[in-house]
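Chains as they are written, first to last, in the working numbering: chain A, 1 to 324; chain B, 1001 to 1328.
The structure appears right after this line, and notes come after that.
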Amino acid sequence: MIAQRKFFRASRAKCFLVIAVAIMFGCADSSVPAKAADTPPKVALIMKSLANEFFVNMQRAAEAHQAERADIYTLVANGIKNESDLAQQVALVDQMIARGVDAIVIAPADSRALVPALVRAMQSGIHVVNIDNRLATEVLAEYNANIPYIGPSNRQGARLVAEYVLAQHEAGSEVFILEGIPTAANAKERKAGFEDAVAAADMALVGSQSGAWDQTQAAQITAAVLNRYPNLKAILAANDNMALGAASAVKLADRDDLSIAGFDNISAVHPLMREGRIDATVDQYGAQFAIFGIEFALEMIAGQTQMTDRTTAVKLVTPADLDQ
Amino acid sequence: MKLHSPLITPRRWPDMSRRLLRWLDQYLVMVSLLVIILTFTLAAENFLSYGTLSAILNQLPALTLVTVGMTFVLICGGIDLSVGSVLALSAAVIGVTVAAGFSIPVAALAGVATGAVAGLVNGLLGSYLRLPVFIVTLGMLEAARGFAYLITDSQTVYIGSAIQGLVQPIPWLALTPAFLCALVVVAVAHFVLTATVFGRHIIAVGTNPEAARMSGIDPKLTLLIVLCISGVLAGLAGLMNSAYLGSTDPNAGLGLELAAIAAAVIGGTSLMGGRGSIFSAFIGVLIIAVLQNGLAQIGVSEPFKRVVTGVVIVLAVVLDRWRADRVP
């Protein structure tokens, strides 16, 4: 008797759960076509690391872009607190699916881990555009998904700045690379671009270590490397924060003959470039990334575009450019 | 001719080895440090050089100050998870104050005051509202980091070389003011813990707060003061970090609380409270710094660096436990 009652209670709970889930799905299904009818499309922007000026600027530019075009689309902007908070970013994708947006423009914190969540989004009829950090092609292939990447060639940008800096030194000089977080695709591409330039200029690459995009870590590694290789001539840093860290370590070691390359063109490196402590950086018009992605997403929603990648411009920034 | 009677030798040997063991017991942390230095000297050329020494001395002050505060809090039976974020917030205050046109000393004072306020809030909530210190400081870890992003607008703020006077070596000493300041803090803290009534109070509260209260010590006030000290030192560490980098980054000090706990524990501080030494914790800081520097000089991969650091931390605690078991 008691066992039976327990069974009933359990099965009632299960029924309830099934109904609740069914209602949730029903809502999700019905809401998508209802909204597409007359209200302007809703675009979700999912950023990584709002602790980083680069992404903050990107988000602001996107918000300004939307404010001017309020009748064309609405924007839901979200971000995670630091670049390694993957779980939070996956949760954001799921929340945007639940919210029933028409398109997701995402700067993935990881080039692989975000793919399954984005595939879920595509399956519920959402257009997905990849900006900043390119999703891994082999993982996309595994899911049989096609997500267009709108952004610069990090490899090309890295090669550009490294070639400029290495041209100041004779062939065979010792060069060191400060990589970003090794799992991120843009870190890999930038490293590959640096290596291209080192090989082309016939320099001696003495090592490459990860400063995890971080100033303090980059400073500590640079200090150690300067001791190990007293003849080091150039440091190629995969972002400006690491270039800043390297510059402070170089200064403390009294080695003003060293060249340093950065990447991203953040405002904090400008004073050091004027002082001649950082030689060059690359502007990939990061603030525009999100806008490029959003415009592409709008074209996709309107059915006007091919699902192919689009490469955006990069520009070398030297001290001479700052005075203009 | 026989010089030694066979009867004497077996009696002398255990005596010698026991004395050696006792010596090892006492200086175990320092011996570990020497072993690590020796290993790197063999593995990397140029390791044993003035350059390495100055590189290590330059990166020491921030972690040293934070570890001293952490050691106090741990001995008192608490934990301060907020130190990394408080460091970042203090550094951010310094950056923003300098950018607003104030002089470096004013900015430095504002930064240290920020740390003091954070410590005071931790202390008031933790001791007088009786909230678990773990949770209070965890909340501060989030909140202080958030404030750091807010006031800097999530941007790296460039301060300039004026503040780097703190990390330029004094000519006739070859040591930097920042490092000297950290050394003074270590010395004073060691003195406070070992030779003052307040130091005894900290250990008593950490060992058994109820017994301490019965014997007329105010455990709440003791914990409050200790958390304030930790906040002030984290603020000072923020100043040192800004000086080291010539700029402030709101992401500074991510995970620093764990490095400080590791250094304190390597130095034999008990996470249960009641036991620990400031001087040994400082050696713990040296071990972590030498390890970081040496691994970077050898150029091992990032994952391997982490594996080695983790193994050394656990090994140090195993040795310490072995020592604690042998010396009742």
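Built from N, CA and C at the ideal position, the CB exists for glycine as well.
Assign residue i to one of three DSSP states: helix, strand, or coil.
i	result
residue 257 (chain A)	coil
residue 1300 (chain B)	coil
residue 1235 (chain B)	helix
residue 263 (chain A)	coil
residue 174 (chain A)	strand
residue 1019 (chain B)	helix
residue 179 (chain A)	strand
residue 314 (chain A)	coil
residue 66 (chain A)	helix
residue 278 (chain A)	coil
residue 221 (chain A)	helix
residue 117 (chain A)	helix
residue 1313 (chain B)	helix
residue 51 (chain A)	coil
residue 106 (chain A)	strand
residue 306 (chain A)	coil
residue 135 (chain A)	coil
residue 297 (chain A)	helix
residue 270 (chain A)	helix
residue 144 (chain A)	coil
residue 167 (chain A)	coil
residue 1078 (chain B)	coil
residue 1321 (chain B)	helix
residue 36 (chain A)	Low per-residue confidence applies at residue 36 (chain A): pLDDT is 45, beneath 50, and the placement is therefore not dependable, though the value from the model is reported in the following sentence. DSSP places residue 36 (chain A) in helix when its eight states are reduced to three.
residue 112 (chain A)	coil
residue 1242 (chain B)	helix
residue 124 (chain A)	coil
What are the start and end residues of the beta strand (DSSP E) that includes residue i?
i	result
residue 127 (chain A)	127-131
residue 1330 (chain B)	Since the first and last residues shown for chain B are 1001 and 1328, residue 1330 (chain B) lies out of range.
residue 152 (chain A)	149-152
residue 1054 (chain B)	Segment 1050-1075 is the alpha helix (DSSP H) holding residue 1054 (chain B); no beta strand (DSSP E) there.
residue 282 (chain A)	281-283
residue 232 (chain A)	232-237
residue 209 (chain A)	204-210
residue 74 (chain A)	74-79
Can you tell me the Cβ-Cβ gap for residue i and residue j, rounded? I've got them flagged as a contact below 8 Å.
i	j	result
residue 1243 (chain B)	residue 1167 (chain B)	5 Å
residue 1251 (chain B)	residue 1062 (chain B)	Going by Cβ atoms, the distance from residue 1251 (chain B) to residue 1062 (chain B) rounds to 14 Å, so no, they are not a contact pair.
residue 205 (chain A)	residue 175 (chain A)	5 Å
residue 1124 (chain B)	residue 1224 (chain B)	7 Å
residue 187 (chain A)	residue 163 (chain A)	Not really, about 19 Å apart at Cβ, beyond 8 Å.
residue 1110 (chain B)	residue 1097 (chain B)	5 Å
residue 1055 (chain B)	residue 1248 (chain B)	Not confirmed; about 21 Å, so no contact.
residue 261 (chain A)	residue 165 (chain A)	4 Å
residue 1154 (chain B)	residue 56 (chain A)	5 Å
residue 54 (chain A)	residue 266 (chain A)	7 Å
residue 1115 (chain B)	residue 1232 (chain B)	5 Å
residue 169 (chain A)	residue 234 (chain A)	6 Å
residue 282 (chain A)	residue 258 (chain A)	About 19 Å; that fails the 8 Å criterion.
residue 1036 (chain B)	residue 1287 (chain B)	6 Å
Grab the span of the alpha helix (DSSP H) containing residue i for me, first residue to last.
i	result
residue 47 (chain A)	Counting along the chain, residue 47 (chain A) falls outside any alpha helix (DSSP H), though it belongs to the beta strand (DSSP E) covering 42-47.
residue 198 (chain A)	185-200
residue 97 (chain A)	86-99
residue 241 (chain A)	240-252
residue 321 (chain A)	319-322
The ligand MG heavy atoms versus the CB of residue i: any closer than 8 Å?
i	result
residue 173 (chain A)	Only the bare structure without any ligand can be found here, which leaves the ligand MG out of the picture.
ask   = Which whole runs of the alpha helix (DSSP H) in the stretch 1081-1161 of chain B are 4 residues long or more, in chain order?
value = Fully enclosed alpha helix (DSSP H) runs of 4 or longer: 1083-1099, 1104-1123, 1133-1152.
ask   = Which runs of the alpha helix (DSSP H) fall wholly inside the stretch 1246-1306 of chain B and span at least 4 residues, in chain order?
value = The stretch 1246-1306 of chain B contains these whole alpha helix (DSSP H) runs: 1256-1266, 1278-1298.
inquiry  = Would the stretch 42-52 of chain A count as touching the stretch 1132-1140 of chain B if we require 3 or more Cβ pairs under 8 Å?
reply    = As far as the Cβ criterion goes, the stretch 42-52 of chain A does not touch the stretch 1132-1140 of chain B, which means the pair count is below three.
task = Would you check if the stretch 92-110 of chain A and the stretch 294-314 of chain A touch, i.e. whether three or more CB-CB distances between them fall below 8 Å?
result = Yes, the stretch 294-314 of chain A is in contact with the stretch 92-110 of chain A.
message = Can you confirm whether the stretch 1078-1091 of chain B touches the stretch 1281-1291 of chain B when touching is taken to mean that 3 or more C-beta pairs between the two stretches lie within less than 8 Å?
response = Remark: fewer than three beta-carbon pairs, one from each stretch, lie closer than 8 Å, so the stretch 1281-1291 of chain B and the stretch 1078-1091 of chain B are not flagged as touching.
request  = Count the C-beta pairs between the stretch 230-244 of chain A and the stretch 163-183 of chain A that are closer than 8 Å, then say yes if the count reaches three, no if not.
outcome  = Judged by Cβ distances under 8 Å, the stretch 230-244 of chain A makes contact with the stretch 163-183 of chain A, as three or more pairs qualify.
key: Ranges of the alpha helix (DSSP H) found wholly within the stretch 1153-1233 of chain B, counting only runs of at least 4   = At a cut-off of 4 residues, the continuous stretches assigned as alpha helix (DSSP H) that sit fully inside the stretch 1153-1233 of chain B are 1177-1195, 1197-1207, 1209-1214.
request  = Taking 8 Å as the threshold, find out whether the stretch 1314-1322 of chain B comes into contact with the stretch 1260-1273 of chain B through three or more Cβ pairs.
outcome  = The answer is yes - the stretch 1260-1273 of chain B touches the stretch 1314-1322 of chain B, with three or more Cβ pairs under 8 Å.
key: Three or more C-beta pairs below 8 Å linking the stretch 1213-1228 of chain B and the stretch 1117-1133 of chain B   = At 8 Å Cβ cutoff, the stretches touch.
query = What residues from the stretch 128-142 of chain A come within 9 Å of chain C, judged by C-beta to C-beta, listed N to C?
reply = Looking for chain C here will not work: the only protein chains present are A and B.
query = Pairing CB atoms from the stretch 146-158 of chain A with CB atoms from the stretch 308-317 of chain A, are three or more of them under 8 Å?
reply = Contact between the stretch 146-158 of chain A and the stretch 308-317 of chain A is present: 3 or more CB-CB pairs across the two stretches fall below 8 Å.
query = Are there three or more Cβ pairs, one per stretch, closer than 8 Å when the stretch 1022-1041 of chain B is compared with the stretch 1186-1194 of chain B?
reply = Flag = no, the stretch 1022-1041 of chain B and the stretch 1186-1194 of chain B do not touch.
ask   = Counting Cβ pairs, one atom from each stretch, are 3 or more of them under 8 Å apart for the stretch 112-132 of chain A and the stretch 86-97 of chain A?
value = Touching, yes.
key: At least 3 beta-carbon pairs within less than 8 Å: the stretch 57-64 of chain A vs the stretch 281-295 of chain A   = Yes, the stretch 57-64 of chain A is in contact with the stretch 281-295 of chain A.
inquiry  = Can you confirm whether the stretch 1167-1179 of chain B touches the stretch 1294-1305 of chain B when touching is taken to mean that 3 or more C-beta pairs between the two stretches lie within less than 8 Å?
reply    = In this structure the stretch 1294-1305 of chain B does not lie against the stretch 1167-1179 of chain B, because fewer than three pairs of beta carbons, one per stretch, are closer than 8 Å.
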